[in-house]
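The opening position of the sequence shown corresponds to residue 129 in this note's numbering, with each subsequent residue numbered one higher.
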Amino acid sequence: MLGCALQAQRKGPDAAAAFRRALELDSTLARAHSNLGCLLEAEGALEEAVRCYRKAIAANPDLVEALYNLGNACKRLGDPDQAISHIARALALEPRHADWHCNLGELQLEQMHLDEAIASFEAAREIDPDYELARTSLGIALTAAGRLDEAAAAFGKALELKPRNANAEAWLLLLLHCRGGDDAQTVSGKHLEWAHRYPRGLVRMTDHPRRGSGAGRRLNLGYLLPDLRRRPIASFIEPVLACHDRSAFNVYCYAGSGSDDDATRRLRGVCEQWRDLSATTDHDAAHRIRADGIDVLVDLAGHHPGGRMMVLARKPAAVQVSWLGYPSTTGLEAIDYRLSDAVADPEGETERFHTERLVRLPHGFLCYSPVPGGAEPGEPPEPGRVVFGSFNNLAKLAPRMVALWAELLSTMPESRLVLKNHGLTAESARRALREQFQARGIAAERLDLLAASHSYFEHLATYCDIDVALDVFPYNGTVTTCEALWMGVPVVTLCGKVHLARVGASILGILGLSDLVASAPQEYVRIARQLAIDVERRRVLRSEMRARMRASPLLDAPAFTRSLEAAYRQIWAGVDTDARAARERSTGTDDD
């Protein structure tokens, strides 16, 4: 066919014209429709391409390439359900395509169809044992399903296949927090090992633009944002962006995603200088930040997916700070400071586990802004039957946490436990949790295992059915703790020795609820049980919690932002002083 020959010669317009002429003569030519669709899709005419693929399939329902390409076009148009359906049909006809299975798995993972995604990645791995991407993606899906040991093995194999696999390495660092995050020495050591491998060979920028000194000058402040669809930090950074003193700070946001989700739109609305770096290489992103003359660059992601550690490794700003988005040291020497508080990082106890210098904010390291709207706390659940709940990420539900919860439930035979998170869409995850509790004498009927809600406010409304929220250990919740409290549900936390195991204590301390902070596992069970029994206290807390939060530093965005700005000024003053001293040394004379 002439069109195919022209297409092979990369003469797209001529090939498209040839296919159209052929279809005028015979509209049932399935391959002509399919090939024309490919050309149109390459030009960005996705909807027209979809029509061509559908005509091809109507003419020949078993035309595999048309089915697969239709699935990909639907994916690009933001219709994942149709994409999954068509790619699955293509694979049913021709199952020996490892990359097709991996593509299907990515779509299923995006929709949190975890069991199906795991099966797709395993199929890709079976077809091509050396397919590194399938191994990495399998690890991500297994992590979401709470199968952490299997996930670690998958990431390890991916690293064997591709030793400088930064994505797999970052996921292993995240798993480290979930599996043994209270072992500060190991966590710190692994991050240092990462830092010795990955930034090696990168040239740091040292010629940052000189914009004059002086404590009063306006600073260029940049925030490096992760993909906000995957990291629930918008509720903590939005109030700060809204309250920054524009006469003292020129604020930039560098977005890690080009998405147009609600959180991104809200943040764009409170930041005048918005830069989309989602399609920008690390090299170009670093030069973009440097060109903006950023004085202080604040990273909000760390090693989390969507983070830009290799941008930070290039040192595009004179001062670089880690805050909010990562629960431990990054290990990266190019990051100068880490913001925390005296509860999350007690003075003199955690410095040795950080490459960054710790700066402790005076009234907590968090500022929370509830999303406007949604249900009020409402009346407590029915009396006489206590309902415990935890809505934390499935990867944080360590076996020792399950053991503690089982012990708590055994002391109160009429109580129930509600667990809710994205990972519980997987039947395998629900089955595994039931088996863990049953092994400790807790019947499956006492567990309510809920998947993600359809909307955020529906999610919040679920708290109306909870009496006492249970924090996780060692990797405490953050946004889940704030959401529970906002809905009037008191939270019991177990406090450890490192930041990620002390976030709950930091939040509750700000609210004057330190009596809900346990320092040992048995105390955690005792506090939760006492609170469950104390119906009157729970009633008062439920009715007064929002007022308590509004009156606290946790929701006082203007005051928090002033303290944050003071920290930035303090950091900058130190750097400015060091720079002046260095210049004086370089221009001074030796009296000897």
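The beta carbon of each residue, even a glycine, is placed where N, CA and C say it ideally should be.
About 5 Å separates the beta carbon of Gly-165 from that of Tyr-181, a gap short enough to meet the 8 Å contact definition. Within the stretch 536-613, complete beta strand (DSSP E) segments of at least 3 residues are found at 544-548, 575-578 and 596-598, given in chain order. Under the three-state reduction of DSSP, Gly-397 is assigned to coil, being neither helix nor strand. The beta carbon of Met-333 is closer than 8 Å to those of Ala-414, Arg-418, Arg-442, Lys-443 and Pro-444 in its chain, skipping five residues each way along the sequence. When the Cα atoms are used, Gly-274 and Ala-523 turn out to be separated by approximately 5 Å. Taking 8 Å as the upper bound for CB-CB distance, Pro-509 and Asp-595 are in contact here, some 6 Å apart. For Asp-410, the uninterrupted alpha helix (DSSP H) run begins and ends at 410-419, by DSSP. For Leu-636, DSSP assigns no beta-bridge partner whatsoever.
The beta-bridge partner set that DSSP reports for Gly-350 consists of Tyr-380 and Leu-425.
Thr-689 has its alpha-carbon roughly 11 Å from the corresponding atom of His-491.
Across the structure, Leu-622 and Leu-644 are spaced so that their CA atoms are roughly 9 Å apart. Between the alpha carbons of Gly-551 and Ala-280 lies a gap of roughly 17 Å.
Taken in chain order, the whole alpha helix (DSSP H) runs of length 4 or more contained in the stretch 194-253 are 208-221 and 226-238. Taking all protein chains in view, the Cβ of His-324 is surrounded by fewer than 16 other Cβ atoms within 10 Å, so the residue is classified as exposed.
Minimum Cα-Cα distance from Met-615 among the listed residues Val-600, Glu-297 and Arg-678 corresponds to Arg-678.
Within the same chain, and ignoring the five residues on either side of Gln-698 in sequence, the residues whose Cβ sits closer than 8 Å to its Cβ are Val-487.
Looking at Asp-473, Trp-451 and Cys-202, the one whose alpha-carbon comes closest to that of Ile-463 is Trp-451. Counting every other CB atom within 10 Å of its CB across the protein chains shown gives Leu-153 a total below 16, marking it as exposed. Per DSSP, the unbroken alpha helix (DSSP H) holding Leu-287 starts and ends at 276-289. Burial of Ala-211 is indicated by the presence of at least 16 other C-beta atoms within 10 angstroms of its C-beta.
In the DSSP assignment, Thr-314 falls within the unbroken alpha helix (DSSP H) covering 312-325.
Assignment of Ser-691 by DSSP, reduced to helix, strand and coil, places it in the helix class. Leu-300 counts as buried, since at least 16 other C-beta atoms from the protein chains shown sit within 10 angstroms of its C-beta. By the Cβ criterion, the stretch 425-439 is not in contact with the stretch 277-291, since fewer than three pairs of Cβ atoms, one from each stretch, lie closer than 8 Å.
Taking 9 Å as the cut-off, the Cβ atoms of Arg-657 and Ala-646 do not count as close. When Cβ pairs closer than 8 Å are counted between the two stretches, the stretch 624-634 is seen to touch the stretch 471-482, the count reaching three or more. Around the beta carbon of Phe-585, fewer than 16 other beta carbons lie within 10 angstroms, which makes this residue exposed.
With a beta-carbon spacing of about 14 Å, Ala-429 and Gly-459 fall beyond the 8 Å limit used to define contacts.
The beta carbon of Ala-201 sits closer than 7 Å to the beta carbons of Glu-169, Leu-174, Ala-177, Val-178 and Tyr-181 from its chain, once the five residues preceding and following it are set aside; these are given in chain order. Close CB contacts of Pro-498 within its chain, under the 6 Å cut and outside five residues either way in sequence, are with Trp-614 (chain order). The beta carbons of Leu-575 and Phe-565 sit closer together than 9 Å. Phe-519 sits close to Gly-605, with the two beta carbons spaced by under 9 Å.
A direct Cα-Cα distance of roughly 16 Å separates Pro-511 from Gly-517.
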